[in-house]
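Student: Got a structure for you, questions after.
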Amino acid sequence: MRILFALFFLLLLSAGCGNKKDNTAPEKKIQVEIHINHNYRNYGDKGVYLGALYNRVIAAPVTFKVQLSRTDGKPDTVITATIPAGHKNLVHSDPSEQGIMNLFEKYIGEGYKEGLKILSIECEDKQFSFSTDPDPVNHLDFITVTDFKSNGDTIHYQGFSDFTGMDYLQSNKSYAFSTNKELRVISETGQPALYVGLQIKMPYCRYYYKGDHGTELNNMEQIAEGSGSTVVFTITRVGDKSFDAIFSGKVWSRKEPDTLVIREGILMNAKLPRVQ
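The sequence shown begins at 1 in the working numbering and counts up one residue at a time.
Shown next, in the form of C-alpha cells:
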C-alpha cells in the first residue's frame with residue numbers, strides 16, 4: 001500500500017521561513033506552545049525536558065523564561081532557555097497554513113510537576129512578537145487531547161488545535177491525523193466523510209514515547225516489509241469545528257522487540273480535517 005501524502009506533515013521538512021529586514025512594522029504575533037514533557041527523549045538521565053513549538057525559523061535568538069513547581073517541596077524554580085539563532089528542528093508542516101512547526105527542547109532534569117507559568121518571551125529581532133494564547137481570528141481556539149496505552153506505557157498529548165495536523169486527501173479519499181509528534185496515523189484509501197460510527201483503518205501508526213515507535217516506511221511512501229498496524233479509529237462525535245474518536249489495535253515493525261498493543265485510545269476535540 002502506498003502512503004501518497006504521508007510526509008507533507010508527518011516527516012521533517014527542508015524548507016524554512018526567512019526574516020524580513022524591515023523593522024518598521026511588527027510581524028504578526030507568532031504563536032508558541034511551551035510545555036514540559038515527562039515522556040522524555042533519549043537522554044541518559046531520568047527526567048523531563050522543556051519544549052517550545054512555534055511556526056518559524058528565526059535568524060535571531062529567542063529567550064523564554066518559565067516558572068516551574070517542584071515535586072520535592074522546594075521553592076518554585078525559574079528556568080531561562082535560549083533558542084539559538086537559526087534553530088531548525090521541523091517536526092511537521094502546519095495545515096493552518098502558517099508555515100512550519102519548529103521544535104526546540106532543553107533537558108532540565110527531574111523533580112518538576114506538570115504545568116508551568118510563562119514569565120517572558122523575547123527576541124533580539126523586534127519584528128517578531130510572541131503569544132502563547134490562540135489567535136481567535138486566524139486560529140482555532142480549542143485544546144486537542146489524546147491519551148492511549150501501548151503495552152506498559154501511557155502516552156498523553158494536550159495542546160492548541162493549531163499544532164495538530166488533520167487532513168483529507170480527495171484524490172484517494174484518505175485521512176492523515178497528527179497530534180504533534182505523540183501520535184501520527186494514516187488511513188486506508190476510499191474513506192467517506194466523517195460521521196459518527198465511522199470506523200477508519202489506520203495501516204500506518206507511529207507515536208513518540210522515549211523514542212519513536214510504530215509502522216516503518218520504505219522509500220518514504222510504502223509500508224516496509226515486516227511492519228504494519230491494525231489500529232482502527234471509531235468516530236464518536238462530529239461537530240462544526242472538531243471531532244472525537246476512540247481507537248485501539250496492534251502495531252509492529254522489525255525495529256520493535258514486541259508487538260505494540262494500543263488500547264484505551266481517546267482523541268478529543270481534534271479539528272476537522274482540511275480537504276486537500
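Ideal Cβ positions, reconstructed from N, Cα and C, are used throughout, including at glycine.
For clarity, every value in this text was computed on a predicted model and none was experimentally measured.
Rounded to whole angstroms, what is the Cα-Cα separation between E256 and G211?
Tutor: Approximately 11 Å between the Cα atoms of the pair.
Student: When the Cβ atoms of the segment 248-255 are set against those of the segment 183-192, are three or more pairs found closer than 8 Å?
Tutor: They do not touch, by the three-pair rule.
Student: A25 by DSSP, collapsed to three states: which one?
Tutor: Confidence in A25 is poor, its pLDDT being 43 and thus under 50, which makes the residue's placement unreliable; the coordinate value appears in the next sentence. Correct three-state label for A25: coil.
Student: If we call anything under 7 Å between Cβ atoms a contact, is S171 one with K271?
Tutor: No, they are not a contact pair.
Student: Would you mind stating whether N151 and L50 have Cβ atoms separated by less than 7 Å?
Tutor: Taking 7 Å as the Cβ cut-off, N151 and L50 do not qualify as a contacting pair.
Student: May I ask you to list the residues that DSSP assigns as paired with F247?
Tutor: F247 pairs with F233, G265.
Student: List the endpoints of the continuous beta strand (DSSP E) containing D167.
Tutor: 164-169 is the extent of the beta strand (DSSP E) around D167.
Student: Throw me the rounded Cβ distance for the M202 and F243 pair, which I believe falls under 8 Å.
Tutor: Not quite, the Cβ-Cβ distance comes to about 15 Å (not below 8 Å), so this is no contact.
Student: Is the separation between the beta-carbon of V196 and that of C123 shorter than 7 Å?
Tutor: No.
Student: My output table needs one value for S129: the three-state DSSP class, helix, strand or coil.
Tutor: Coil, per DSSP.
Student: Kindly indicate the opening and closing residues of the beta strand (DSSP E) around A176.
Tutor: First-last of the beta strand (DSSP E) with A176: 174-179.
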